[in-house]
Amino acid sequence: MRSRSNSGVRLDGYARLVHQTILCHQNPVTGLLPASYDQKDAWVRDNVYSILAVWGLGLAYRKNADRDEDKAKAYELEQSVVKLMRGLLHCMIRQVDKVESFKYSQSTKDSLHAKYNTKTCATVVGDDQWGHLQLDATSVYLLFLAQMTASGLHIIHSLDEVNFIQNLVFYIEAAYKTADFGIWERGDKTNQGISELNASSVGMAKAALEALDELDLFGVKGGPQSVIHVLADEVQHCQSILNSLLPRASTSKEVDASLLSVISFPAFAVEDSRLVELTKQEIITKLQGRYGCCRFLRDGYKTPKEDPNRLYYEPAELKLFENIECEWPLFWTYFILDGVFSGNTEQVQEYREALDAVLIKGKNGVPLLPELYSVPPDRVDEEYQNPHTVDRVPMGKLPHMWGQSLYILGSLMAEGFLAPGEIDPLNRRFSTVPKPDVVVQVSILAETEEIKAILKDKGIDVETIAEVYPIRIQPARILSHIYSSLGCNSKMKLSGRPYRLMGVLGTSKLYDIRKTIFTFTPQFIDQQQFYFALDNKMIVEMLRTDLSYLCSRWRMTGQPTITFPISHTMLDENGTSLNSSILAALLKMQDGYFGGARIQTGKLSEFLTTSCCTHLSFMDPGPEGKLYSEDYDEDYDELESGNWMDNYDSTGNACCGDEVARYLDHLLAHTVPHPKLAPTSQKGGLDRFRAAVQTTCDLVSLVTKANELHVQNVPMYLPTTLFQPSRPLLNLLDSPPSPQDNQVPSVRVEVHLPRDQSGEVDFQSLVLQLKETSSLQEQADILYMLYSLKGPDWDTELYEEGGATVRELLSELYGKVGEIRHWGLIRYTSGILRKKVEALDEACTDLLSHQKHLTVGLPPEPREKTISAPLPYEALTKLIDEASEGDMNISVLTQEIMVYLAMYMRTQPGLFAEMFRLRIGLIIQVMATELAHSLQCSAEEATEGLMNLSPSAMKNLLHHILSGKEFGVERSVRPTDSNVSPAISIHEIGSVGATKTERTGIMQLKSEIKQVEFRRLSISPENQVEFRRLSISPENQTSGGHLSGIDVMSPSFLSPVACTTASNGSFPTVCGQQTSKDSRQGQWQRRRRLDGALNRVPVGFYQKVWKILQKCHGLSVEGFVLPSSTTREMTPGEIKFSVHVESVLNRVPQPEYRQLLVEAILVLTMLADIEIHSIGSIIAVEKIVHIANDLFLQEQKTLGADDVMLAKDPASGICTLLYDSAPSGRFGTMTYLSKAAATYVQEFLPHSLCAMQ
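Numbering (the UniProt record's numbering), first residue to last: 1 to 1253.
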């Protein structure tokens, strides 16, 4: 008999250790492992980690087998792993209804349970009796299911189980926006059952999604139907949120040792090696002790000060746990594994030696890893005074199977029995390796032969959509509908993937559907969307953003391919040449570089071999050879012929009669408005718009059909795609009631309701006026009144050949103003028609996921409403409407700004540094104020100018305000891309003539005004909508611009914070009244206004506030107190603490006054470094500011300043000249604030500090 090798003997030793500490506890029926002798329930997370040692030992035996019995041991160990993984699968599959519900609700009540009965796989705790939502637990199961399958284990046995795993992918893919209870099952650190967004969950979900993508769950024995599909955009959402969180763990935990599992084995979820090292050092510095690492700061679990009889803690109780947190040897096993994977043998040796010192010898000398080490109750005070000096005692589970398993796995790898590639067959360990440069392939297509000829004249050789056949082109929304079929299983009542917008990563691949190649156009050029798609400059901006995003986030095999169709909406007004913005972008792409991305333009057929192509196997024929149910056939037959395929018609669509074509055409028909009204004999543009109007009956029918396809947000698809003009320039203000509508609408239109003899509103006369007026503004106002008084479905009987409802006429008007770029009316009619941007809820979620709270509406509360958690689309739009107090203009603009903020958050997160709450109402106000200052115009004109900015110009203005760059605003002599809007250009300017101090972080808004008339609105007779003017009757006039209870659009809804509203609705601003030739006058007041509105504070501000709170009883801001007890609940680095401080500061409605209070607090924080135990009771910060203001006034009066120069802001009582003073210098605000602070607290300060200047 052959003698055992040394390696074989050592493996046998590890086998005995595994059996004695882990496998002896495995249930023979279910395969599950109980938590301990005392806790018989099986935790999903603990079970997965506990079986890793068994899996690793099996792999080691498979590789190092000396004899046949070693191979048998390997098989036995591997089957123990399979049994446990299938046991967990059975536990979860019994809750398939929860998986289905959670996909749509993301509710804690619908989450999978995180622990089960070890003997029966049944649940053990009620849905609402424990924090079950732990996405990291489900994710770590899926991650190791993928790794184990790739290593050769067969865990999944049927297509039903494949479908369930696919739905688990949908379950975790929204982890980046789902608050859960985290790896420690407590949620918020206060342990009060509050869920929060956890980096450990987001990171593990990202790893699981990447590991499962394109993985065949049947291994080498599988086929196309057993492959899992993951959408790359969801992975990158997780990546973005994870990067924004780290090194923090959540809003309440500034650091957490669980992040070791995210930055290293097993997730390897972070691609930035510097961020990995930063997070690791944070853990070592703040959490590591003599026996392991604390889980997080002020963790009370099993400490002597924890009351085991209470489920939750009191907030101020957390301070008791500081410096006595239990230390877990578990985390040293992660450091060992991290050292093995990174090749750091010194780290491996260091932590193995440290771990050996804390192991406990069990029966027969078996090394056991305890759960944690705690401070003895009688030595707590000693540990408080001298942290990490008291000898601790082991507590909790012995062994802690999770830690024991990782200890054994680390030992096997450290001793060479396992190579990193064997335990990580999917190569996740290479996540930080630099990726090759990405070249984005762009295929430019012409919608028609005419457009192709126009492009050829410009030197751009392209194909038409028809010429690329057999490759088929479809809009992005169709891909979203296709993916809704993924994972469907009628036996398990699983509906598949919820409908969500398709991101640029998803549309940059080619798709093989039943041996036909499909490519999908980017989401942003889909005409179904909000009015963004009307602005060609905005299209270029979004294309630039997407190209840059692709270069930084593309991780798939092959190069990304963007299909960019050029439609007639991208032509100029005459339709004979390409829009200048589009042309410039195309030429830059042909040169090979655009938006920071390397570009390769060419034909689609040339890109087939170099592109990433995905086979959508779930679209293959089912058992009966059919792709969809018989109901689809019936619906398809009912569809009337129409122009719904105009945008993407091709030879393929015309000639391909296969079932896939019918299915996709069916989807198209359900996502494009279906015309009902026949064209009339009237000449001009009316035919084109009336032909696309739906009746209520059609809408209901379409909604019903769409619901059968599980189409989400159906109303977003309905009355929106009739016109395809260029991107808009905003213009929302009313025109005076003049016979012609050949000038830009002015601030307000006075319209009065006709009355009959009984005094009631004469609607027939109103309809007659609607028919006779040629003013677009009057048409909009009349339709709004009819909409408000009679409802959207009231038949006006305007046309003899058929009725016309108010909704239809509004849609018709919306089409007209979209055609002529009348952006004020575009927003106005968009608001009336409730056209909400479909990506609104995703934009909101993106901002929230980056730890930015949102407020909508104007301050103060309760009008200003806070959004701190993701909301469904309908709830979000309702909240915005409520905060806008019924003003549709504010509502629409709020949605627009929210989308822009999300765009910048996605591409330039650095713009939002030290900002934790974005106050959209104040941002809108500041934008209006900046226009008023730059153009030196009235408040009404500034409002008009803001509402007439194109989406691209609006986004540009927002960027300049966020970035702090200097910019100029001017009226252009030659307005471009607009026939009706006052052309206002926004451009970055240099800092010539500015001092170094002024150039550093100052937004200097220089005004270069060229007084020219607004370009007049020119509408040819054939393009006019046939309505006649309203007759104005003085007796119907009501005060305040209201028409018998109907609030006609008022353009002065934006009242900048520093301004007072005049009685006629205008808002004269301080900025607008400036006549000084000094362009720098007002710059510091504007800077403070901007920083106050954006909640921007200096770096480290919140940590300094935390320190000063430890030396006083609290800070009072305008009567709202920030108590010192806050420091006993929160640590200085918590996002939660920063948000709490912000909430107090945000009680101040004036942004510049708020910023002066911030400066006063900064002065106070200097006291935190003084050797004083306490500086008294509650400090009233506003009193310090007012003392400083009095000192400033006294000194200015002695220098000869008069009362006019020293005018005060009526809202705060602060001198406006103080607002406009630089922080430093003899007359700087810090000088006076320092003196005021010394005066206010001098009785608590040493005498030497009272002479501050």
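Note that the Cβ used here is the ideal one computed from N, Cα and C, for glycine as well.
- Listed in chain order, the alpha helix (DSSP H) elements of length 4 or more contained wholly in the stretch 45–77 are 52–64.
- Counting only residues of its own chain and dropping the five nearest sequence neighbours on each side, P399 has a CB closer than 6 Å to the CB of T21, L368, L369.
- Scanning the stretch 784–868 for uninterrupted alpha helix (DSSP H) segments of 4 residues or longer gives 806–819, 823–832, 840–849, listed from N- to C-terminal end.
- About 20 Å separates the Cβ atoms of A843 and V926, ruling out a contact at the 8 Å cut-off.
- Within the model, the alpha-carbon separation for K458 versus E606 is close to 22 Å.
- Contact between L455 and I566 holds, since their C-beta atoms are separated by about 7 Å, short of 8 Å.
- In this structure, the alpha-carbon of K73 lies about 43 Å from that of W554.
- A distance of 8 Å or more separates the beta carbons of L311 and G300.
- In the structure shown, I1184 adopts helical secondary structure according to DSSP, grouped into three states.
- Going by C-alpha positions, V124 is about 10 Å away from A114.
- Comparing alpha carbon positions, the residue from I1108, G1228, G1133, V1139 closest to I1170 is I1108.
- In this structure, N536 sits near I582, with a CB-CB distance shorter than 8 Å.
- Within the model, the alpha-carbon separation for Y814 versus R598 is close to 39 Å.
- Pairing E940 with M954, the inter-Cα distance amounts to about 18 Å.
- Going by DSSP, K1111 is part of no alpha helix (DSSP H) at all; its letter is neither H nor E.
- Counting only runs that start and end inside the stretch 900–952, the beta strand (DSSP E) elements of at least 3 residues fall at 917–919.
- The beta carbons of A249 and N198 sit closer together than 8 Å.
- Burial of C121 is indicated by the presence of at least 16 other C-beta atoms within 10 angstroms of its C-beta.
- For C613, the enclosing beta strand (DSSP E) begins and ends at 613–615.
- Relative to the Cα of Y549, the nearest Cα in the group D1190, T907, T1216 belongs to T907.
- 8 Å or more divides the Cβ of K177 from the Cβ of T855.
- For the pair F564 and I444, the CB atoms are nearer than the 8 Å cut-off.
- Judged by DSSP in its simplified three-state form, Q1103 adopts helix.
- The shortest C-alpha to C-alpha distance from K253 to any of S244, R274, D338, L297 is the one to L297.
- For I517, the CB contacts under 6 Å within the same chain, skipping 5 residues up- and downstream, are I471, L510 in chain order.
- L810 and T796 do not touch by the CB rule: their CB atoms are close to 11 Å apart, not below 8 Å.
- The stretch 415–430 makes contact with the stretch 138–149; the number of CB pairs closer than 8 Å reaches 3 or more.
- Counted as a single uninterrupted DSSP element, the alpha helix (DSSP H) harbouring R477 occupies residues 476–483.
- Between the C-alpha atoms of V1144 and E861 there is a straight-line separation of about 12 Å.
- Q590 and M903 have their C-alpha atoms some 26 Å from each other.
- Secondary structure of L578 (DSSP, three-state): strand.
- Between the beta-carbon of L479 and that of F520 there is about 5 Å, and that keeps the pair under the 8 Å contact cut.
- In the structure shown, the three-state DSSP call for K361 is strand.
- Straight-line measurement puts the Cα of K816 at about 11 Å from the Cα of W823.
- For Q779, the closest of F331, S200, R807, Q192 by C-alpha to C-alpha distance is R807.
- Rounded to the nearest whole angstrom, the C-alpha separation of V48 and T557 is 30 Å.
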